[in-house]
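Notes follow the structure.
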Amino acid sequence: YAGSKHAVEGITKSAALEAASARVRVNAVAPGPTDTGMLDRFTGTPENKASLAATVPLARIGRPDDIAAAVLYLANDGAAFVTGQILTVDGGKTAG
Numbered sequence: 008y009a010g011s012k013h014a015v016e017g018i019t020k021s022a023a024l025e026a027a028s029a030r031v032r033v034n035a036v037a038p039g040p041t042d043t044g045m046l047d048r049f050t051g052t053p054e055n056k057a058s059l060a061a062t063v064p065l066a067r068i069g070r071p072d073d074i075a076a077a078v079l080y081l082a083n084d085g086a087a088f089v090t091g092q093i094l095t096v097d098g099g100k101t102a103g
């Protein structure tokens, strides 16, 4: 799992450099714990999900809309000068 995450980062940066001359931006979103069926299967119980939320500095599990907002930002002209980046959307979990 960790290896695949690093591979996505490397491919994103490499593709960004290759596509830049065509003015194509390449970025990736790295979501943290997000309230999906996959997380439900991973945590198993509401108590385990609450325990996971307690490890997030913003004290909650992400919502799919949080991830969608990051994707929309990267697709928008507001990110016209952003390429080769991994946008981590995890409520601060990896900051600590």
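When you line the sequence shown up against our numbering, it's residues 8 to 103, in that order.
Virtual Cβ for every residue (Gly too), placed ideally from N, Cα, C.
Quick caveat: nothing in here was measured; it's all calculated off a predicted structure.
The continuous alpha helix (DSSP H) containing residue 71 extends over residues 71-82. Judged by beta-carbon spacing, residue 98 lies within the 8 Å limit of residue 64, meaning their Cβ atoms are closer than that value. The three-state reading of DSSP puts residue 43 in coil, since its state is none of H, G, I, E or B. Note on geometry: alpha-carbon atoms of residue 27 and residue 8 lie some 29 Å from one another. Listed as beta-bridge partners of residue 24 by DSSP are no residues whatsoever.
Nearest to residue 83 by C-alpha distance, out of 33, 102, 21, is 33.
Cβ neighbours of residue 42 within its own chain (closer than 6 Å, five residues either side excluded): 68, 70. Residue 15 carries a helical assignment under DSSP once its states are collapsed to helix, strand and coil.
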